[in-house]
Every structure is written in C-alpha cells, then in structure tokens.
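Below is one structure; the comments refer to it alone.
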Amino acid sequence: MPSLPRFSPLIKSLSNTHLKMVITHYFPIFAIFFVISLLSTPASAHLYSGVEDTEGISNDWFPEILRVEAVARLTELGKVSDADGYLERTYLSPASIKAGNLIRGWMGEAGLRTWVDQMGNIHGRVEGMNASSRALLIGSHLDTVIDAGMFDGTLGIISAISAVKVLNVNGQLGKLKRPVEVIAFSDEEGVRFQSTFLGSAALAGVLSVSALQIQDKSGVTLQNVLNENYIEISEESFFQLKYNPESVWGYIEVHIEQGPVLESVGLPLGVVKGIAGQSRLKVTVRGSQGHAGTVPMSMRQDPMAAAAELIVLLESLCKHPDDFLSYDGHCKGITVESLVGSLVCTVGEISCWPSASNVIPGETTFTVDIRAMDDMGREAVIYELSNRIHQICDRRAVSCSIEPKHNANAVACDSGLSSQLKSAAYTAMKRIAGEVSNDVPVLMSGAGHDAMAMSHLTKVGMLFVRCRGGISHSPAEHVLDDDVWAAGLALLSFLETQL
Ligand SMILES: *[C@@H]1O[C@H](CO)[C@@H](O)[C@H](O)[C@H]1NC(C)=O
Ligand SMILES: [Zn+2]
660 MPSLPRFSPL IKSLSNTHLK MVITHYFPIF AIFFVISLLS TPASAHLYSG VEDTEGISND
720 WFPEILRVEA VARLTELGKV SDADGYLERT YLSPASIKAG NLIRGWMGEA GLRTWVDQMG
780 NIHGRVEGMN ASSRALLIGS HLDTVIDAGM FDGTLGIISA ISAVKVLNVN GQLGKLKRPV
840 EVIAFSDEEG VRFQSTFLGS AALAGVLSVS ALQIQDKSGV TLQNVLNENY IEISEESFFQ
900 LKYNPESVWG YIEVHIEQGP VLESVGLPLG VVKGIAGQSR LKVTVRGSQG HAGTVPMSMR
960 QDPMAAAAEL IVLLESLCKH PDDFLSYDGH CKGITVESLV GSLVCTVGEI SCWPSASNVI
1020 PGETTFTVDI RAMDDMGREA VIYELSNRIH QICDRRAVSC SIEPKHNANA VACDSGLSSQ
1080 LKSAAYTAMK RIAGEVSNDV PVLMSGAGHD AMAMSHLTKV GMLFVRCRGG ISHSPAEHVL
1140 DDDVWAAGLA LLSFLETQL
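For the sequence shown, the numbering used here gives the first residue as 660, with consecutive numbering after it.
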C-alpha cells in the first residue's frame, strides 16, 4: 500500500525458498546458456545485458519515442519536486500541478483530447472508430512518496502516452476499435491526506463524499485544496466523478515491480495475477510505569518487553504459518499452502510513553501490516495472532488491545486481460530481443495500486516492469532504458492487437 514502502511481489506457485534453490542450483547452467546465447545472437542479446548504448538498436520499433523520449520525460518529471535535493510530489502540491501540466501537454501532443477532473486527475482521450463503444482506460499515478524514485507511477503514464503517440505518428489513432483514455491519477501514495487512491477511488465510485472534509497536517481540507487550485467541487458534483461502468471496457496499468522477481529471472516484463489483500492493526500494550533503577525485574509489568515478544511472535507466525494455524479439516491445506507463497507481515512503527531511558514505559503501541493473496488465510492469521497476543499479555500481566485500522481484500486481475497483456509483453520482448525463450512470468503484487480501486469499476490487468534490485520508494529506484522501451512496446502491441 502506498504509505508502506516495502513489499514483496511473489512469483505464482514458487515460494521464495524454492526460487532461491532453483537459482543457486542452476545458476551455473543458466550462466553458460546465457553466455552461449550472447555469442550466438550478438545483435540483439545485449539489450538484456544492461548495456545502454543506443548504437545498433533496431529502428523498427520506435526507439526514439518509446525509449529515448520516454526516458527523457521520466527524467524531467523526476526533477519536478516540492523539495530541494530529493523528489517529493504530494497531492495537488505546486510540483504536482507542474507535473500535471507537463503530462497534459504530452497527452495533447500525442493526439489526445485532454482535461482535468474535479479530483485533479489528468485525462487524455481519443475516441477511435466508435465513440460509443466501451473505453479502455490506461493509468497510473503522478504523485510520489517523500524522497521518491522517478519511475513509480510515472512509468505507467509515460509509457501509455508514448504508445499512443506512436499510433498518432503512424496515423492509426483514429482507427482504434474503441475509445482509449490515459489517466494520470492525482493521488495514489496518500502522503498528504493519509488516504490512498483519492484519484482512482473517486472515478471508481468507492470514495466517500466525506473525504472532501479530511484535513492534511496543516488543517487544510481536501475541498479547500481543490478550491485553491480553481477546482470547484461540491457534494453534488463529487458524485459525477464516478464513471458509468457501462461506458468502460477495462483498465490496464503498467508499473515498476518494486520487488526482485523479474530481475532474478532476467526478464523485463511480467504479468500481475493479483494484488494482495491487506490488514493494518494497531496494538497497544499497557503495563506499569516505573523507575528503571528501583523496580525489581520480578515485579515489572513492562509493555516494551511484551511488545518485543509480540513482534517476534508475528515474525515467526508469518514465516511459518503452517506451524501455527491449526484449524480443522480440508481447508487447512489449501489456505496454508497459499499463505506460504504470499504472506508478509511487518511492524513498521513503534512508540512508547513516556519514552525516556530511565523509565520503564507505561504504554507501548506498534503497527502491524499483514498482506496475503488469500483473504481467508489472512483472516486466519489475524485470528491466530490475536489469540496468541492475548495469551502472552496475560502471562506478562500487561493489558493488550488490538485495533483494526484498515482492511482491503485481495484483487484478482481479469484472466482475459491478463492473457492479452501477456501476449503483448511477449511481442514486446521478442521485438527488442529477437528471440525469447522464456514465458512471460506471472507475479503477485504485494503493493497496492490504482488498479485496486479501479477493480470496483471494471476488469483490471497489470504489467510489471523490472527495476534494479527490486528497490522503490527511494532515489535508488532504477529502470533500464531498454525496459522503459519494452513497457511502451507492450502497450503499443496491446493497443494494436488486443482491443
Ligand atoms: C458502436 O458501439 C456501440 C456500443 O458498443 C454499438 O452499439 C454500435 O453498433 C457500434 N457502432 C458501429 C458503427 O460499430
Ligand atoms: Zn506506485
């Protein structure tokens, strides 16, 4: 989820340990084949080896638009920041407005009719041959986290605009079978208002109108912020943001993987099978506050030590759910098996009162973030966790409360759209590399995306793009120029053949 920087997408049916085993056992063999393939196909193979010279690139697949210009635009957007020295672009900030204007200009140049909606989302649309048929929406977000990388979100927007521009340059834009609309969502990361997906949730009709009254840290409401930016919004007009599901055919999104799987298999693109469900909890442990020097160890009710035990319990439970979950019968096998592949749990924030080195704390609170593809499995983990937390707290004579903060069920990507995206990705990889021996990998997303909100409106599909070291939400985030090209080519192929 946006406010939580780390996540781990997982390859379907391959547990991490299995993957690691395969890689360590077979790496020498892979390496030999890789070297042989480099030697036998010199013209194309360098494209996957990370060499970024533009010499010798095939001119057939629009490298000047999909690669050179796309990378230049991503780099330009990467400098549009509210902060000095690092990238920060929160909802409707001056930098966000500037980035939105740039994006809108590029949409127009690609042949799209553009507008800004009442949540500040930027739209660019072409009607194609039949304006009344259902539209394909392609989107991602233009906001960023604090000290962000330059590909998260913007890669999806820029590759969509680039693909449309190729069609425009080739005179094919008017021949699209259905309307195509590129959307740059104004808020996905949720940094400013601590409320994620403001942009996409409003279009999908799953944002409550009360969201207009939420306040940022300085007490400014969402409605104020919109008004300050000359966007008049009322409760009535808010409801008009929602798209009619009958007018939409589907939603697709290209996004950096933000995990290490594609890099480990050596491929630029992967298809997302689904987005993990997520629960956030707040655990409060209350003990007996006292003097660090005078209360004997045997007489303490220390909430900090209790919290430490609870956090280690969470880690063990999520590493080995099969050792913990013992509910009856047939569903156990399925649930536990699916959990082992995708369950991840994190304590990312902890605080205590009064927080002084010579005081036994009176109260400790920490957050819990639990994600899994299997919603029932995730609930089973929370149930088991709660029981064991209360056991430990009883034993330690501290009082514990568990407060649910957020719950989102997993989203399955549409199987039809996914196989269309898969064949588009395959075509793109083949066009760049000549031959592709591997199948396009199918991954899970541990991170939330606009596609999650859009799934309430229409069928969704996603493509992941390899990023270096799986790193994101960091200035170290990096995507190879060739992989930017691959992403644009995949969308181009989708528009050409899959509508
Ligand atoms: C355009 O699309 C609409 C809705 O799908 C359909 O009813 C209509 O027949 C289409 N028109 C043409 C000319 O194909
Ligand atoms: Zn993102």
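Glycine is no exception: its CB is placed at the ideal position from the N, C-alpha and C atoms.
Original post:
Out of curiosity, what's the CA-to-CA distance linking Thr-943 and Val-727?
Top reply: Rounded to whole angstroms, Thr-943 to Val-727 spans 52 Å at the Cα level.
Original post:
From Phe-844 to Tyr-902, what does the alpha carbon distance come to, in whole angstroms?
Top reply: C-alpha separation (whole angstroms): 14 Å.
Original post:
Which ranges does the beta strand (DSSP E) cover as unbroken runs of at least 3 residues, wholly within the region 1051-1113, from first to last along the chain?
Top reply: Fully enclosed beta strand (DSSP E) runs of 3 or longer: 1058-1067, 1101-1104.
Original post:
Can you tell which of Asp-1141, Phe-1153, His-1137, Thr-1156 has the C-alpha that lies nearest to the C-alpha of Met-809?
Top reply: Nearest neighbour of Met-809 by Cα position, chosen from Asp-1141, Phe-1153, His-1137, Thr-1156, turns out to be His-1137.
Original post:
Since Arg-1030 is in the beta strand (DSSP E), which residue starts that stretch and which ends it?
Top reply: That run of the beta strand (DSSP E) goes 1022-1031.
Original post:
Does DSSP put His-1049 in a helix, a strand or coil?
Top reply: Here His-1049 sits in helix by DSSP.
**OP:** Compare the beta carbon distance of Leu-1076 and Gly-909 with 7 Å and say whether it is the shorter of the two.
**Re:** Result yes, Cβ atoms of Leu-1076 and Gly-909 sit closer than 7 Å.
Subject >> Nearest-angstrom Cβ-Cβ length linking Leu-1102 and Gly-929, presumed shorter than 8 Å >> reply: That belief holds up - the Cβ atoms of Leu-1102 and Gly-929 are roughly 5 Å apart, short of 8 Å.
Original post:
Could you give the distance in angstroms between the alpha-carbon of Ala-769 and the alpha-carbon of Asp-1109?
Top reply: Approximately 23 Å, taken between the alpha carbons.
Original post:
Mapping DSSP to helix, strand and coil, what is Met-778?
Top reply: DSSP places Met-778 in coil when its eight states are reduced to three.
Original post:
Thinking just about the alpha-carbon of each residue, which of Ile-934, Ser-906, Ile-970, Ile-1019 is nearest to the one in Met-956?
Top reply: Sorting Ile-934, Ser-906, Ile-970, Ile-1019 by C-alpha distance to the C-alpha of Met-956 places Ile-1019 at the top.
Subject >> Minimum C-alpha distance to Leu-921 - residue among Leu-1148, Pro-838, Ile-724, Asp-1142 >> reply: Considering only alpha carbons, the answer is Asp-1142.
**OP:** Output the distance between the C-alpha atoms of Leu-1159 and Val-924, rounded to the nearest integer angstrom.
**Re:** Any answer about residue 1159 is impossible in this case: the structure gives the chain only from 660 up to 1158.
**OP:** Could you tell me if the beta carbon of Asp-811 falls within a distance shorter than 6 Å of some heavy atom in ligand 2?
**Re:** Checking every heavy atom of ligand 2 against the Cβ of Asp-811, one is found closer than 6 Å.
Original post:
Can Ala-964 and Ser-1001 be called in contact, C-beta distance under 7 Å?
Top reply: No; because the gap between Cβ atoms is not below 7 Å, this pair is not in contact.
**OP:** Spell out a yes or no on whether the region 735-746 and the region 862-880 are touching, meaning 3 or more CB-CB pairs, one atom from each, closer than 8 Å.
**Re:** With a cut-off of 8 Å, the region 862-880 and the region 735-746 do not count as touching, because too few Cβ pairs lie within range.
Subject >> The alpha helix (DSSP H) enclosing Gly-767, as first and last residue numbers >> reply: For Gly-767, the enclosing alpha helix (DSSP H) has its first and last residue at 753-768.
Original post:
Looking at the structure shown, is Lys-978 part of a helix, part of a strand, or coil, going by DSSP?
Top reply: Of the three classes helix, strand and coil, the one that applies to Lys-978 here is helix, per DSSP.
**OP:** Could you tell me whether any non-hydrogen atom of ligand 1 is closer than 6 Å to the CB of Asn-789?
**Re:** The answer is yes for Asn-789.
Subject >> Distance CB(Trp-765)-CB(Leu-1148) smaller than 7 Å >> reply: No. Outside cutoff.
Original post:
Mind checking whether the beta-carbon of Ser-792 lies closer than 6 Å to any heavy atom of ligand 1?
Top reply: The answer is yes for Ser-792.
**OP:** Classify Glu-786 as helix, strand or coil using the three-state DSSP reduction.
**Re:** DSSP places Glu-786 outside both helix and strand once states are collapsed to three, so it counts as coil.
Original post:
If you check the beta carbons only, do Glu-916 and Phe-1153 fall under 7 Å apart?
Top reply: Glu-916 is not a Cβ neighbour of Phe-1153, given a cutoff of 7 Å.
Original post:
Among the residues of its own chain, which have a CB less than 8 Å from the CB of Gly-767, if the five just before and after it don't count?
Top reply: Thr-773, Gly-783, listed in sequence order.
Original post:
Near Arg-1090, what residues of its chain come up, given a Cβ to Cβ distance below 7 Å and the 5 sequence neighbours on each side ignored?
Top reply: Closer than 7 Å at the Cβ level, and outside the excluded window around Arg-1090, lie Trp-720, Leu-1148.
Subject >> As assigned by DSSP and simplified to three states, the class of Glu-840 >> reply: In this structure, DSSP gives Glu-840 an extended state, which the three-state scheme calls strand.
Original post:
Would a C-beta distance cut-off of 7 Å place Ile-1009 and Phe-983 closer than the cut-off?
Top reply: Taking 7 Å as the Cβ cut-off, Ile-1009 and Phe-983 do not qualify as a contacting pair.
Subject >> Beta-carbon spacing of Leu-998, Asp-1033 below 7 Å >> reply: Going by C-beta atoms, Leu-998 is nearer than 7 Å to Asp-1033.
**OP:** Please go through the same chain and pick out, in chain order, the residues whose beta-carbon is closer than 7 Å to the beta-carbon of Ile-1130, but skip the five residues on each side of it.
**Re:** Excluding sequence neighbours, Ile-1130 sits near Glu-1136.
Original post:
Just checking my contact of Lys-1118 with Val-1099 at CB under 8 Å: how many whole Å lie between their CB atoms?
Top reply: Contact between Lys-1118 and Val-1099 does not hold, since their C-beta atoms are separated by about 19 Å, which reaches or exceeds 8 Å.
Original post:
What are the boundary residues of the beta strand (DSSP E) that includes Lys-824?
Top reply: No beta strand (DSSP E) holds Lys-824; the alpha helix (DSSP H) holding it covers 813-828.
Original post:
Would you say Ser-1104 and Ile-934 are within 7 Å of each other, going by their C-beta atoms?
Top reply: The answer is yes: Cβ separation under 7 Å.
**OP:** Please go through the same chain and pick out, in chain order, the residues whose beta-carbon is closer than 7 Å to the beta-carbon of Leu-973, but skip the five residues on each side of it.
**Re:** Answer for Leu-973: Cys-1004, Val-1006, Val-1027, Leu-1044, listed in chain order.
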